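Engineer:
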Amino acid sequence: MPAERSLGLTLVLSEITVLFRRLRTWAMIGALALIPILIAVVVRVASDGSASGRGPAFLDSITQNGLFVSLTALTVAIPLFLPLTIGVVAGDTIAGEANLGTLRYLLVAPAGRLRLLLVKYAGAALFCLVATLTVVVTGAIIGALLFPVGPVTLLSGDTVGITGYFGRLLLLALYVTVSLMGLSAIGLFISTLTTIPVGAMAATAALAAVAQILGALPQLEWLHPWLFTNYWLGFGDFLRQPLVWNSFLDNALLQFGYIAVFGTLAYGRFSTKDVLS
Amino acid sequence: MSGAGLAIETHGLTKVFGRQKAVNGVDLAVPRGTVFGFLGPNGSGKTTTIRVLLGLAAASSGEIRLLDGAMPKEARSVLPRVGALVEGPAIYPFLSGRANLQRFDAADRHTSPTTRNQRVDAALERVGLSHAAKKRAHAYSLGMKQRLGIANALLAPRDLLILDEPTNGLDPQGTREVRSLIRSLSDDGTTIFVSSHLLAEVEQMCTMVAVMSAGRLVAQGSLEELRAAGTVRVRVTTPDVADARRVLSGLGLHPEPHGRDDVVAAELAVPGLLPEAVNAALVRADVRVRGFEASGASLEDRFVALTGEGFDVAG
Numbered sequence: 001m002p003a004e005r006s007l008g009l010t011l012v013l014s015e016i017t018v019l020f021r022r023l024r025t026w027a028m029i030g031a032l033a034l035i036p037i038l039i040a041v042v043v044r045v046a047s048d049g050s051a052s053g054r055g056p057a058f059l060d061s062i063t064q065n066g067l068f069v070s071l072t073a074l075t076v077a078i079p080l081f082l083p084l085t086i087g088v089v090a091g092d093t094i095a096g097e098a099n100l101g102t103l104r105y106l107l108v109a110p111a112g113r114l115r116l117l118l119v120k121y122a123g124a125a126l127f128c129l130v131a132t133l134t135v136v137v138t139g140a141i142i143g144a145l146l147f148p149v150g151p152v153t154l155l156s157g158d159t160v161g162i163t164g165y166f167g168r169l170l171l172l173a174l175y176v177t178v179s180l181m182g183l184s185a186i187g188l189f190i191s192t193l194t195t196i197p198v199g200a201m202a203a204t205a206a207l208a209a210v211a212q213i214l215g216a217l218p219q220l221e222w223l224h225p226w227l228f229t230n231y232w233l234g235f236g237d238f239l240r241q242p243l244v245w246n247s248f249l250d251n252a253l254l255q256f257g258y259i260a261v262f263g264t265l266a267y268g269r270f271s272t273k274d275v276l277s
Numbered sequence: 278m279s280g281a282g283l284a285i286e287t288h289g290l291t292k293v294f295g296r297q298k299a300v301n302g303v304d305l306a307v308p309r310g311t312v313f314g315f316l317g318p319n320g321s322g323k324t325t326t327i328r329v330l331l332g333l334a335a336a337s338s339g340e341i342r343l344l345d346g347a348m349p350k351e352a353r354s355v356l357p358r359v360g361a362l363v364e365g366p367a368i369y370p371f372l373s374g375r376a377n378l379q380r381f382d383a384a385d386r387h388t389s390p391t392t393r394n395q396r397v398d399a400a401l402e403r404v405g406l407s408h409a410a411k412k413r414a415h416a417y418s419l420g421m422k423q424r425l426g427i428a429n430a431l432l433a434p435r436d437l438l439i440l441d442e443p444t445n446g447l448d449p450q451g452t453r454e455v456r457s458l459i460r461s462l463s464d465d466g467t468t469i470f471v472s473s474h475l476l477a478e479v480e481q482m483c484t485m486v487a488v489m490s491a492g493r494l495v496a497q498g499s500l501e502e503l504r505a506a507g508t509v510r511v512r513v514t515t516p517d518v519a520d521a522r523r524v525l526s527g528l529g530l531h532p533e534p535h536g537r538d539d540v541v542a543a544e545l546a547v548p549g550l551l552p553e554a555v556n557a558a559l560v561r562a563d564v565r566v567r568g569f570e571a572s573g574a575s576l577e578d579r580f581v582a583l584t585g586e587g588f589d590v591a592g
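In order, the protein sequences belong to chains V and Z. Just so we're aligned, residue 1 is where the first sequence starts under the numbering used here, counting upward by one. Just so we're aligned, residue 278 is where the second sequence starts under the numbering used here, counting upward by one.
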């Protein structure tokens, strides 16, 4: 038996390279970056100094402090745009390779089915982080360019300096990334079911919408703690002094449960699947 | 049968899709060091067999040994020694040819990352793609993609190459190159299992063949054995055509009408009847034999006899 020379981390690197050499990936990152830019420009152009009290959370704060652009953009991106892009990447993981036919060559290399699933999930997880950071960082830059920037008053009434606030924004990006892990695992599972990537992408994104709709129905309150979208907008805890970790931990536990369940399902399906494409 | 000396060995290999047996009780025995032709019409189960051999699809029943390892159980130690082209090449269209190969090579944990670029370039060189290595693969022609697929099979030294229709989409020069490539790989000691529906190609490259038809293995052996299993034809050139016909009929043969009026031909369809006995009978009957020829069936005749006439794809 030939020696296995590496842990196989080169496949992770290869996966990241392939993901970020696709025009599609950059188009999605570009679209995500447009969200804070659009918000900031519209607020700047239409600003008459008065707060209307309508629109997405934190929108009215932007004129006073450009640092709020990131927060507003994240709030806008979480329900729709982020799940959509994660749906594309996670839904494409296995189905995309099957569709190209490259799956058979990865498997006879041999990549190993479990290893390939893990690598694919790692790639999708990295994309979640990059997507979230894109919104936060672009928001910070455009906010600083178009609006005054200064110490921020938190939800708890305390004021933090710019560095402290950035630290919290990065924590927030982490929170959102973790929030998307469960959806990525669902996407990975759906992707093992089909050789048509668009179908897997649409199904994943649609599930995110369905979960949010169910989460909005008070009649289904018993179900809400089990929905992977339940804590998606619960990052307010990171905007208090002192930092409260409760929702982060609850969310992490819930997302971990989804990863465990759908990761197992994906492996159960993929490990015995006939690759005929 | 002992597994020693066999690169591929299957027993009762069967693959069922729904109610259809795509592969039905196949017993393959591919000796090491041979160039083995895997023949069969479209839809006869060649590619499905190859998929099952490589562990891409699970066998419904039967056993597989590849390079003395059980498949798919020992895939992790077997597959790094196997290079494969399965059902045509597959590429990432947005990557260059070189990046495509680097990707597939990275999937194999046994290859060394430090020699990766060197091995990728050597494989590209070997199939004549060096000049197009940096080009995005979506701009490749069908033949170039096919070459890239073959290069992928050659990324590391292999003990066994499984090549499914390797000359598909290649121009005549490309076909010749692939043939000489296969010969040189075989000279290095690599066992090569080539599936094809092109008989001429198999005849030129292979020393042994197996023939699939409708999911079953209908013949297996050396090319000579396969040809010999077919009926021999005798062809007599003589001015005494009528007498010659009478003699052949008397021996139980069925002389066929022939375009020339000084030739009588017949299939030697009587068991135990040798061509020399036919000639002796003709001479005894005072037939003036000017020419006598006994020829084996062509591989094509054999192939058609085994897999059936007609243009229909086996359902």
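From the three backbone atoms N, C-alpha and C, an ideal C-beta is built for every residue, glycine too. Quick caveat: nothing in here was measured; it's all calculated off a predicted structure.
Which bits of chain V does V363 of chain Z rub up against, with CB to CB less than 8 Å?
Structural biologist: The contacting residues are R104, Y105, V108.
Engineer: Helix, strand or coil for R510 of chain Z, going by three-state DSSP, please let me know.
Structural biologist: Of the three classes helix, strand and coil, the one that applies to R510 of chain Z here is strand, per DSSP.
Engineer: Indicate the three-state DSSP secondary structure (helix, strand or coil) for G280 of chain Z in the structure shown.
Structural biologist: Note that G280 of chain Z has pLDDT 45, beneath the 50 cutoff, so the model's placement of it is unreliable and the number below is only indicative. Coil.
Engineer: Who are the neighbours of V275 of chain V on chain Z, taking C-beta pairs under 8 Å?
Structural biologist: Simply R328, L333, A334.
Engineer: Going by Cα to Cα distance, which pick from Z:A557, Z:E570, Z:L344, Z:I368 is closest to G426 of chain Z?
Structural biologist: For G426 of chain Z, the closest C-alpha among the options Z:A557, Z:E570, Z:L344, Z:I368 is that of Z:I368.
Engineer: Would you check if there are 3 or more beta carbon pairs closer than 8 Å linking the region 227-239 of chain V to the region 178-194 of chain V?
Structural biologist: yes
Engineer: I'd like to know whether the C-beta of D436 of chain Z is nearer than 8 Å to at least one C-beta of chain C.
Structural biologist: Absent here is chain C; the protein component of the structure consists of chains V and Z.
Engineer: Compute the Euclidean distance between the alpha carbons of E351 of chain Z and G96 of chain V, then round it to the nearest angstrom.
Structural biologist: Straight-line Cα distance between these residues: approximately 27 Å.
Engineer: Can you find the residues in the same chain that come closer than 8 Å, C-beta to C-beta, to A124 of chain V, ignoring five residues on each side of it along the sequence?
Structural biologist: I86, V89, A90, T93, S184, G187, L188
Engineer: Please give me, in chain order, every unbroken run of the alpha helix (DSSP H) with length at least 4 that falls completely inside the region 544-578 of chain Z.
Structural biologist: 552-561
Engineer: Which residues in the same chain as L107 of chain V place their Cβ atom closer than 8 Å to its Cβ, once the five residues preceding and following it in sequence are excluded?
Structural biologist: Only R113, L116, V275 meet the Cβ criterion.
Engineer: Please say whether A111 of chain V and L11 of chain V have beta carbons closer to each other than 8 Å?
Structural biologist: yes
Engineer: Following the continuous alpha helix (DSSP H) through I39 of chain V, name the residue where it begins and the one where it ends.
Structural biologist: 23-46
Engineer: Hey, is the region 523-543 of chain Z in contact with the region 485-496 of chain Z, meaning 3+ C-beta pairs nearer than 8 Å?
Structural biologist: no
Engineer: Name the residue from V:I190, V:A46, V:L84 whose alpha carbon lies nearest to the alpha carbon of A266 of chain V.
Structural biologist: V:I190
Engineer: In the DSSP assignment, what are the bridge partners of H288 of chain Z?
Structural biologist: Z:E340
Engineer: Distance, Cα to Cα, A27 of chain V vs T291 of chain Z?
Structural biologist: If you draw a straight line from the Cα of A27 of chain V to the Cα of T291 of chain Z, it comes to about 46 Å.
Engineer: Start and end of the beta strand (DSSP E) containing K298 of chain Z?
Structural biologist: 297-303
Engineer: Could you check where the beta strand (DSSP E) with P197 of chain V kicks off and where it finishes?
Structural biologist: Note, P197 of chain V: premise wrong, no beta strand (DSSP E); alpha helix (DSSP H) at 197-216.
Engineer: For M485 of chain Z, which residues does DSSP report across the bridge?
Structural biologist: For M485 of chain Z, which the question treats as bridged, DSSP gives the partners Z:F313, Z:S499.
Engineer: Using the DSSP secondary-structure output, state which residues sit across from T17 of chain V in a beta bridge.
Structural biologist: DSSP, once it has assigned bridges, lists no residue as partnering T17 of chain V.
Engineer: What are the residues of the region 238-267 of chain V that lie near chain Z, defined by any Cβ-Cβ distance shorter than 9 Å?
Structural biologist: none
Engineer: For a test of the three-state rule: what should DSSP assign to V136 of chain V, helix, strand or coil?
Structural biologist: V136 of chain V: helix per DSSP, three-state reduction.
Engineer: Return the residue from the list Z:V513, Z:E480, Z:S490, Z:M489 that minimises the CA-CA distance to S499 of chain Z.
Structural biologist: Z:E480
Engineer: One question on the structure: do V547 of chain Z and L528 of chain Z come within less than 8 Å of each other, judged by their Cβ atoms?
Structural biologist: yes
Engineer: For Q255 of chain V, which residues in the same chain have their Cβ closer than 6 Å to its Cβ, ignoring the five residues on either side in sequence?
Structural biologist: V178, M181, G182
Engineer: Let's see if you can read the secondary structure: which residues bound the beta strand (DSSP E) around T468 of chain Z?
Structural biologist: 468-473
Engineer: For S572 of chain Z, which residues in the same chain have their Cβ closer than 6 Å to its Cβ, ignoring the five residues on either side in sequence?
Structural biologist: R510
Engineer: Mind listing the chain Z neighbours of T272 of chain V? Cutoff is C-beta to C-beta under 8 Å, in chain order.
Structural biologist: For T272 of chain V, the chain Z residues whose Cβ falls inside 8 Å of its Cβ are A335, in order along the chain.
Engineer: Is it buried or exposed for A208 of chain V, if we count other Cβ within 10 angstroms and need 16 for buried?
Structural biologist: Counting of Cβ neighbours within 10 angstroms places A208 of chain V among the buried residues, the total reaching 16 or more.
Engineer: Between the C-alpha atoms of A491 of chain Z and G322 of chain Z, what's the straight-line distance to the nearest angstrom?
Structural biologist: A491 of chain Z and G322 of chain Z: Cα-Cα distance of roughly 7 Å.
Engineer: Applying the criterion that 16 or more other CB atoms from any shown protein chain within 10 Å of the CB defines a buried residue, is N429 of chain Z buried or exposed?
Structural biologist: buried
Engineer: Do you know offhand how far G268 of chain V's Cα is from Y258 of chain V's?
Structural biologist: 15 Å
Engineer: Grab the span of the alpha helix (DSSP H) containing D382 of chain Z for me, first residue to last.
Structural biologist: 374-384
Engineer: Is it the case that the region 455-464 of chain Z contacts the region 291-306 of chain Z, given that we only count it when at least three CB pairs across the two stretches are under 8 Å?
Structural biologist: no
Engineer: On a Cα-Cα basis, can you pick out the residue from Z:G420, Z:R386, Z:A383, Z:R424 that is closest to E402 of chain Z?
Structural biologist: Z:R424
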